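Structure record follows, encoded as structure tokens.
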Amino acid sequence: MHSSTDHLSQIPARTLSNAKRVSYRRPLPDVPSDFEPTPTLSNDWEMKALPSTESDWEMKALPSTDSLSTLLRQDSSADLLQETKDLESTDEVVDIPRRRSNAPPTPQTRFEKFCQFLLDMEEKRYIKHKPLVPNKARARIMSHILLFIHVVLLIAMLGYNHGFASLSVNPMMGPDVTTLTVFGGNTQSAFRHQPAQVVSANLWRFFVAMFLHSGLIHLTVNVACEISVGRNVVLWLGYRPVLAIWLISGIGGNAVAAVLRTQMAVSVGSSGPIMGLFGANVADIVMNWKDMDQPKWRLVYWIINSILIFASSLMPFVDNLVHVAGFVTGFGAGLLLLTYLGHDQRKYYIFKGVGFILSIGITYMSVAFLLAGVQVADNAPWLCHILLSIKC
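For the sequence shown, the positions run 5 to 396 when the numbering used here is used.
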């Protein structure tokens, strides 16, 4: 067999890369005496050909010590270059320590807290419970229906009246007193000192009067309240309780006013039901104080709204006695119809009992006194003044 040197001289250079089983092995560098030293090679590469089982030749190349150090330097340079590229390609943000201010944050004023509450009040009412009507668009349906009814009735009254009455007769830009009475205004002449047949024939006014308005100004004020407040109330309390509270406070407010008022005036408007919704919200806060989100600010909000609506009683054809009675009956309806979130059975029965008396009880007794011909306003005129009425 020829030597390895003679064999390499006979093989072209290109055949080395085409050999079937050729491997290149690097020799180990000089290591301590714990390992066997690498034999010294005279040439840079020594080719060893070993016959395989398939009668082929396997070419093994072992580089010299100088070649090994060169390769190691190249490998380390390549690794360092790759690490540098990786570091440059990253977008890592380096935190630079800064001196922190020891000054405490500026506390919010009460006015700022109240403004923040107004912005967040629709998003959260209870601590754990979610809205009964999760879709805000659906919560506006009731307000839109009421707006449609109010506008249609006002247009019908203006058509019956052949236009607007003079400002000296009705400064609210609406029809005259006769038209309001014909369409269902709550007039004392239909109930005071009248027989039971006449009273029973006019009970429908308690229902219709809360959909009528004395003019465009009166309608604008009430519709603004219905849209802004009604949406939030329906969103969290649901359609059925809100509709029931609306009807109870509207009918109850007009019935109480008919019993206690002595002046022969005509009153219309949905302010009584709106005040009933305010009272129901106050009842919900009182009944579920521990489960309510920010109950103090929420109570302040509804009290302020009630005062503003009560101030609108100074407008013509608007009775503040209906407002106060609507708030009381609405408060009772809220205790009766809204959900008590606590677990105290004793408080539950107290709330429901008081709510029944203030809502259904007062409304029923007012109608019963009217049918029985009991003149409460003549026998106890102080009751009207207790309710802060200016039209007793």
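Even for Gly, the Cβ is constructed at its ideal location relative to N, Cα and C. Owing to the predicted nature of the structure, the values given are computational and were not obtained by experimental measurement.
Here's the rule I'm using: 16 or more other beta-carbon atoms within 10 Å means buried, otherwise exposed. How should residue i be labelled?
{"i": "Asn-139", "result": "exposed"}
{"i": "Gly-273", "result": "buried"}
{"i": "Tyr-368", "result": "exposed"}
{"i": "Pro-135", "result": "buried"}
{"i": "Val-380", "result": "buried"}
{"i": "Val-407", "result": "Coverage of the chain is limited to positions 5 through 396, which leaves residue 407 absent and any answer about it impossible."}
{"i": "Val-332", "result": "buried"}
{"i": "Arg-235", "result": "buried"}
{"i": "Leu-342", "result": "buried"}
Short of 6 Å in beta carbon distance, which residues of its chain neighbour residue i, apart from the five on each side in sequence? Order them along the chain.
{"i": "Cys-229", "result": "Ile-278"}
{"i": "Leu-336", "result": "According to the sequence shown, residue 336 is Gly rather than Leu. Gly-359, Leu-362, Ser-363."}
{"i": "Tyr-352", "result": "Tyr-344"}
{"i": "Ser-218", "result": "Met-176, Gly-178, Val-272, Phe-321"}
{"i": "Ala-287", "result": "Phe-335, Gly-338, Leu-339"}
{"i": "Leu-303", "result": "Ile-289"}
{"i": "Ala-200", "result": "Leu-375"}
Skipping 5 residues on each side, what residues in its chain have a beta carbon closer than 8 Å to that of residue i?
{"i": "Asp-382", "result": "Thr-266"}
{"i": "Asn-190", "result": "Arg-209, Phe-210, Ala-213, Asn-258, Ala-261, Ala-262, Val-270, Ser-271, Val-272, Asp-323, Val-326"}
{"i": "Ala-160", "result": "Phe-187"}
{"i": "Tyr-130", "result": "Trp-240, Asn-292, Asp-295, Met-296, Asp-297, Leu-345"}
Over what stretch of residues does the alpha helix (DSSP H) that includes residue i continue unbroken?
{"i": "Gly-365", "result": "Where Gly-365 is concerned, there is no enclosing alpha helix (DSSP H), given that its DSSP letter is neither H nor E."}
{"i": "Met-161", "result": "145-164"}
{"i": "Pro-277", "result": "275-291"}
{"i": "Trp-301", "result": "299-315"}
{"i": "Met-379", "result": "Strictly speaking, residue 379 in this sequence is Gln, with Met absent from that position. Per DSSP, Gln-379 belongs to no alpha helix (DSSP H) and is neither H nor E."}
{"i": "Ile-354", "result": "349-360"}
{"i": "Thr-333", "result": "324-341"}
{"i": "Ser-204", "result": "200-205"}
{"i": "Arg-196", "result": "Looking at the DSSP string, Arg-196 is not in any alpha helix (DSSP H), and its letter there is neither H nor E."}
{"i": "Phe-168", "result": "Counting along the chain, Phe-168 falls outside any alpha helix (DSSP H), and DSSP gives it neither H nor E."}
{"i": "Arg-265", "result": "Looking at the DSSP string, Arg-265 is not in any alpha helix (DSSP H), and its letter there is neither H nor E."}
{"i": "Val-173", "result": "Looking at the DSSP string, Val-173 is not in any alpha helix (DSSP H), and its letter there is neither H nor E."}
{"i": "Val-137", "result": "From DSSP, Val-137 is part of no alpha helix (DSSP H); its letter is neither H nor E."}
For residue i, which of helix, strand or coil comes out of DSSP?
{"i": "Ser-218", "result": "coil"}
{"i": "Ser-271", "result": "strand"}
{"i": "Asn-258", "result": "helix"}
{"i": "Tyr-130", "result": "strand"}
{"i": "Asn-190", "result": "strand"}
{"i": "Glu-58", "result": "Caution is warranted here: a pLDDT of 46 is assigned to Glu-58, below 50, making its placement in the model unreliable, and the coordinate value is therefore given only provisionally. Residue state, collapsed to three classes: coil."}
Once you ignore the five residues that flank residue i on each side, which residues in its own chain have a CB closer than 7 Å to its CB?
{"i": "Phe-355", "result": "Met-291, Leu-339, Tyr-344"}
{"i": "Trp-306", "result": "Phe-282, Asn-285, Val-286"}
{"i": "Phe-314", "result": "Asn-324, His-327"}
{"i": "Asn-206", "result": "Ala-194, Phe-195"}
{"i": "Val-378", "result": "none"}
{"i": "Asp-180", "result": "Asn-165, Ala-169, Val-173, Asn-174"}
Using a Cβ-Cβ distance cut-off of 8 Å, determine whether residue i contacts chain D.
{"i": "Leu-318", "result": "Here chain D cannot be found, since the structure has a single protein chain."}
Does the stretch 224-239 come close enough to the stretch 142-149 to have 3 or more Cβ pairs within less than 8 Å? Taking one beta carbon from each stretch, the stretch 224-239 and the stretch 142-149 have 3 or more pairs nearer than 8 Å; the two touch.
Three or more C-beta pairs under 8 Å: does that hold for the stretch 185-201 against the stretch 219-226? No, the stretch 185-201 is not in contact with the stretch 219-226.
Quick one: any contact between the stretch 250-260 and the stretch 278-291, if contact means 3 or more CB pairs under 8 Å? In the pairwise beta carbon analysis, the stretch 250-260 is classified as touching the stretch 278-291: at least three pairs are separated by under 8 Å.
For the stretch 156-169 against the stretch 232-247, do three or more pairs of beta-carbon atoms, one drawn from each stretch, fall closer than 8 Å, so that the two count as touching? no
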